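If you count the sequence shown from 1, you need to add 2 to reach the working numbering. The beta-carbon is built from N, C-alpha and C at its ideal position, and this holds for glycine as well. Nothing here was measured: the structure is a model prediction, and the numbers come from that model. What follows is a short report on a single structure.
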Amino acid sequence: MKSKFPSATIFIQKVSDFWSDQQLQLRECDFKEDYFLFYSHNKKSYKNKVLKRHGPIIKKVKKNVNGSELWCDVTNATIEILQIQHVGQGLRITKNSYCLEFFGYIDGWFKELRKFCIQIHIKNLFIMSNKLGSGSFADVYRVIRKSDKKEFAVKIYDKQSSKFDSECIIKELEIMRKMDHPNVISVLETFESQKSVFIVTELLISGNLDDILSKTVLSEDDAIKCIFKIIDALTYIHSQGVIHRDIKPENILFRKPNLEELVISDFGLAEYHNNEGQYKYHRCGTAGNMAPEILKDQSYDYKADCYSAGIILYQMLTQMRSPFLVEDYQETIQRNEQGQIDFSVVQSSPAVVNLVKWMLELDPDKRCSVQQARSNIIFKKFNRQTIIIKRKRFYQDPTVSCQSSRSTSIYQSPMNQPSPPLPIGPSYKYLGSQNLPLRLRSQDRKLLPSPNQRNSGANSAKLQLKQKSTNFKINPIINKTRVYSSIGSNKAI
3 MKSKFPSATI FIQKVSDFWS DQQLQLRECD FKEDYFLFYS HNKKSYKNKV
53 LKRHGPIIKK VKKNVNGSEL WCDVTNATIE ILQIQHVGQG LRITKNSYCL
103 EFFGYIDGWF KELRKFCIQI HIKNLFIMSN KLGSGSFADV YRVIRKSDKK
153 EFAVKIYDKQ SSKFDSECII KELEIMRKMD HPNVISVLET FESQKSVFIV
203 TELLISGNLD DILSKTVLSE DDAIKCIFKI IDALTYIHSQ GVIHRDIKPE
253 NILFRKPNLE ELVISDFGLA EYHNNEGQYK YHRCGTAGNM APEILKDQSY
303 DYKADCYSAG IILYQMLTQM RSPFLVEDYQ ETIQRNEQGQ IDFSVVQSSP
353 AVVNLVKWML ELDPDKRCSV QQARSNIIFK KFNRQTIIIK RKRFYQDPTV
403 SCQSSRSTSI YQSPMNQPSP PLPIGPSYKY LGSQNLPLRL RSQDRKLLPS
453 PNQRNSGANS AKLQLKQKST NFKINPIINK TRVYSSIGSN KAI
């Protein structure tokens, strides 16, 4: 059956066949099994058959003539809900002009597969509301799902724009689909039309960290609590073999008006780590928040993100903007590349100051990783908390069996995690070093200090403290357009 998928799709399938009989590196127990109705053209009737699923992998029970199992990866295949009288609801999955149609209780399958597949006709499922932000590459809108009236954010890419980069969007989608952490944003659904690509994500409108730093004085405890969440999320991101490459206050959004509900967003510059430390877009990030080795065109790895997180910790402790930020943009880049930082303005405990210096070490070989930072003594109470809870869980309810799912539902964070694997994205080989323009902050021009205020010493810090509130509280009533103002902004370098 011919699909209604847009002819100018960017999601071109590299494999010509729908089913594959190659060896699948998954355990049989990983798959969920369900019965569905399939139409037989020979018998002109419907027949019950079994399908198995794990993530984007669908597997047949029936084997081919060689005895090998047949399976299909439906990543970026199109998915549609069907409705046939006397049969009911079904799913149609289209890949390489081949359609797989089956009917039955498909709600669970659709909810899982829509994260990996591409849908059409977004207006049939969502109502477009107000614009939340815009940039050079994408616009962000609030949308309302028709079925339950829940609100989401949708990032819209114009396929006809001269700045549209299909390869970057496909990679961003692939990386976001890997994410499954409470402090990391993930993709919920993806749509494509003739003119646009739509990425639906969670709606985060309780402000971003840049808003908080410009209005509020954080205590040392609040700063430690916030940076631990960021480091913990980065530890997970790195465990997936991904470098974010654009960690900055504007990309730290809040789900609710409190510091513990933060979310790392915007994977537009994220890349798979490779052992050579060279990437297609090598110089990228935001001036003032980048690791110096990136600006020096040297090889880099996960520690580049740790440096950017260190800049955020420095900002929270000093109530200042980036230590490299000045009015002249080229001078900002030059200062960022040199990496000279005045640590005398960090008025905190010695242990905290030592961690800031370790995270902002100019030499990447001497700089800590996020795993090492996470195990630092200042985070001892966060690392021990889950262990204490785990020890006490057997006394919470004597009626709960040790085999109950309730008894194993508490997550234990390891004190020392091993270094993450160093995979290379299979679909993205090194194509040579290319440069992109540095990202520009939309609000920097307004917030840059005057020549008399550029002193990075303690007097300048005290002057800024007088202009801010001393009681920390995220204001839930904020300019919601400001939250997404940096989404889709100019690619860093």
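CA-to-CA distance, residue j to residue i, given in whole angstroms
i, j, result
"residue 434", "residue 281", "Residue confidence for residue 434 is low, a pLDDT of 42 falling below 50, so the modelled location carries little weight; the figure read from the coordinates is stated next. Roughly 7 angstroms between the two C-alpha positions."
"residue 199", "residue 179", "16 angstroms"
"residue 31", "residue 340", "53 angstroms"
"residue 12", "residue 36", "32 angstroms"
"residue 176", "residue 24", "22 angstroms"
"residue 19", "residue 159", "29 angstroms"
"residue 397", "residue 104", "Low local confidence applies: a pLDDT of 43 at residue 397 is under 50, so the model's placement there is unreliable, and no value is given."
"residue 382", "residue 361", "17 angstroms"
"residue 80", "residue 96", "5 angstroms"
"residue 46", "residue 157", "44 angstroms"
"residue 114", "residue 172", "19 angstroms"
"residue 132", "residue 33", "41 angstroms"
"residue 55", "residue 289", "44 angstroms"
"residue 197", "residue 116", "20 angstroms"
"residue 292", "residue 53", "47 angstroms"
"residue 284", "residue 164", "21 angstroms"
"residue 170", "residue 359", "34 angstroms"
"residue 501", "residue 334", "Outside the displayed span of the chain (3 to 495) sits residue 501, for which this structure offers no information."
"residue 10", "residue 78", "14 angstroms"
"residue 385", "residue 231", "11 angstroms"
"residue 39", "residue 48", "6 angstroms"
Closest residue to residue i among the options (Cα-Cα distance)
i, options, result
"residue 216", "222, 323, 288", "323"
"residue 373", "91, 229, 265, 116", "229"
"residue 195", "126, 34, 337", "126"
"residue 138", "150, 149, 166", "166"
"residue 241", "183, 90, 224, 337", "183"
"residue 106", "50, 78, 261, 124", "50"
Cβ pair residue i, residue j closer than 7 angstroms
i, j, result
"residue 251", "residue 295", "no"
"residue 313", "residue 353", "no"
"residue 371", "residue 298", "no"
"residue 271", "residue 286", "yes"
"residue 214", "residue 310", "no"
"residue 154", "residue 209", "no"
"residue 203", "residue 226", "no"
"residue 246", "residue 254", "no"
"residue 98", "residue 27", "no"
"residue 102", "residue 21", "no"
"residue 357", "residue 378", "yes"
"residue 201", "residue 219", "no"
Expected contact under 8 angstroms - CB spacing of residue i and residue j to nearest Å
i, j, result
"residue 331", "residue 325", "Actually they are not in contact, since the Cβ atoms of residue 331 and residue 325 sit about 16 angstroms apart, beyond 8 angstroms."
"residue 513", "residue 233", "Outside the displayed span of the chain (3 to 495) sits residue 513, for which this structure offers no information."
"residue 347", "residue 320", "5 angstroms"
"residue 122", "residue 145", "Between residue 145 and residue 122 the Cβ distance is about 16 angstroms, and since that is not below 8 angstroms, they are no contact."
"residue 279", "residue 307", "Actually they are not in contact, since the Cβ atoms of residue 279 and residue 307 sit about 13 angstroms apart, beyond 8 angstroms."
"residue 237", "residue 120", "Not confirmed; about 31 angstroms, so no contact."
"residue 1", "residue 58", "In the structure as shown, the chain begins at 3 and stops at 495. Residue 1 is therefore absent and cannot be evaluated."
"residue 235", "residue 185", "4 angstroms"
"residue 351", "residue 174", "Not really, about 39 angstroms apart at Cβ, beyond 8 angstroms."
"residue 60", "residue 76", "6 angstroms"
Any non-hydrogen atom of the ligand HEM closer than 6 angstroms to residue i Cβ
i, result
"residue 266", "The ligand HEM is not part of the structure shown, which contains no ligands of any sort."
Neighbour flag for residue i against chain E, beta carbons, 7 angstroms
i, result
"residue 128", "In the displayed structure, chain E is absent; only one protein chain is listed."
Legend entry - Length-filtered (4 minimum) alpha helix (DSSP H) runs lying within the stretch 47-89: none
Legend entry - Whole beta strand (DSSP E) elements within the stretch 168-211, 3-residue minimum: Taken in chain order, the unbroken stretches of beta strand (DSSP E) that lie wholly in the stretch 168-211 and span 3 residues or more are 189-194, 198-204.
Legend entry - Contained beta strand (DSSP E) runs [length at least 3] in the stretch 102-138, N- to C-terminal order: 128-136
Legend entry - Start-end ranges of the alpha helix (DSSP H) lying completely within the stretch 252-303, minimum 4 residues: Unbroken alpha helix (DSSP H) runs of no fewer than 4 residues, entirely contained in the stretch 252-303, are found at 294-297, following chain order.
Legend entry - Whole alpha helix (DSSP H) elements within the stretch 304-379, 4-residue minimum: 305-320, 331-340, 352-361, 372-376
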